[in-house]
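See below for the structure under consideration.
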Amino acid sequence: MAVPVKIEGTVQIVGKTFRTPRIVIPGIPGAVLYTAGDAFGTKFSFDVPYAGTIEVAVMLDKDDEGIETDLVLFTDDFDGIADNAAFDLSDADLEKFLSTISFATFKNFGLNQSSTAAAIGLAYIAPQRKLWAQMVTRGGPTIAAGVIPEVRLTIINAVDS
Numbered sequence: 007m008a009v010p011v012k013i014e015g016t017v018q019i020v021g022k023t024f025r026t027p028r029i030v031i032p033g034i035p036g037a038v039l040y041t042a043g044d045a046f047g048t049k050f051s052f053d054v055p056y057a058g059t060i061e062v063a064v065m066l067d068k069d070d071e072g073i074e075t076d077l078v079l080f081t082d083d084f085d086g087i088a089d090n091a092a093f094d095l096s097d098a099d100l101e102k103f104l105s106t107i108s109f110a111t112f113k114n115f116g117l118n119q120s121s122t123a124a125a126i127g128l129a130y131i132a133p134q135r136k137l138w139a140q141m142v143t144r145g146g147p148t149i150a151a152g153v154i155p156e157v158r159l160t161i162i163n164a165v166d167s
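In my numbering, the protein residues as written are 7 to 167.
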């Protein structure tokens, strides 16, 4: 059963710069303890231009965990890993792999934190105008209900044909 994806905000386009809305990471039920290497939520996708360069990725950590988390990106739909299960890709899904963006350094704002991966320079082509994704935790967070992390991408040199 697919988990609905909650999208916050709107797409922003200025010239050849495109910023996705914030995606609330789907499938995190709250009050569950994760282990390093676990899928952190279920798969989701970003609507993106046909081609471009991912320059910035932001993770909003509303539960104030500050634990390293990876955003694993794919150029085609893949068999997502169940939330809180070991992140184990099949060889067929590995062929769809684009890259991993790590959120490793967090800035603490008291009740929450954020992490920004900048100057990424990850060029992509997405014929379906989607990039599929899933998060992987590198620690042991316990996310409370109602404070689910969010992610967004900023793409430069966007081309829509």
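Where a beta carbon is used, it is the ideal one built from N, C-alpha and C, also for glycine. Predicted model only: the values in this text are computed from it and were never measured.
Alpha carbon to alpha carbon, what distance is there between Asp70 and Gly47? On the sequence shown, position 41 is the one that residue 47 refers to. On the sequence shown, position 64 is the one that residue 70 refers to. Between Gly47 and Asp70, the C-alpha separation is close to 17 Å.
Can you give me the C-alpha to C-alpha distance between Ala37 and Thr143, rounded to a whole angstrom? In the sequence shown, residue 37 corresponds to position 31, counting from 1. In the sequence shown, residue 143 corresponds to position 137, counting from 1. Distance between the alpha carbons of Ala37 and Thr143: 15 Å.
Ile29 and Arg135 - do their beta-carbons sit closer together than 8 Å? Translated into the one-based positions of the sequence shown, residue 135 becomes position 129. Translated into the one-based positions of the sequence shown, residue 29 becomes position 23. The answer is no: Cβ separation not under 8 Å.
Going straight from the alpha carbon of Leu100 to that of Thr59, what length do you get? Working through the sequence shown from its first residue, we reach residue 100 at position 94. Working through the sequence shown from its first residue, we reach residue 59 at position 53. Roughly 21 Å separates the two Cα atoms.
Determine the direct distance from the alpha carbon of Ser105 to that of Ala123, and round the result to whole angstroms. What you label residue 123 is simply residue 117 of the sequence shown in a count that begins at 1. What you label residue 105 is simply residue 99 of the sequence shown in a count that begins at 1. Rounded to the nearest angstrom, the two C-alpha atoms are 13 Å apart.
Sequence-distant residues of the same chain with beta carbon closer than 7 Å to Gly72, five excluded per side: Taking the first residue of the sequence shown as position 1, residue 72 is located at position 66. Phe112, Asn114, Gln119.
Can you name the residues that DSSP bridges to Phe52? For the purposes of this step, residue 52 is taken as residue 46 along the sequence shown, with counting starting at 1. Partner(s): Leu137.
Straight-line CA distance for Ala88 to Gly43? Mapped onto the sequence shown, residue 88 falls at position 82. Mapped onto the sequence shown, residue 43 falls at position 37. Between Ala88 and Gly43, the C-alpha separation is close to 12 Å.
According to DSSP, simplified to helix, strand and coil, what is Ala123? Residue 123 sits at position 117 when you count from the first residue of the sequence shown. The answer is strand: DSSP assigns Ala123 an E or B state.
What's the gap between the Cα of Phe93 and the Cα of Phe109? Taking the sequence shown and counting its residues from 1, one reaches residue 93 at position 87. Taking the sequence shown and counting its residues from 1, one reaches residue 109 at position 103. Rounded to the nearest whole angstrom, the CA to CA distance from Phe93 to Phe109 is 17 Å.
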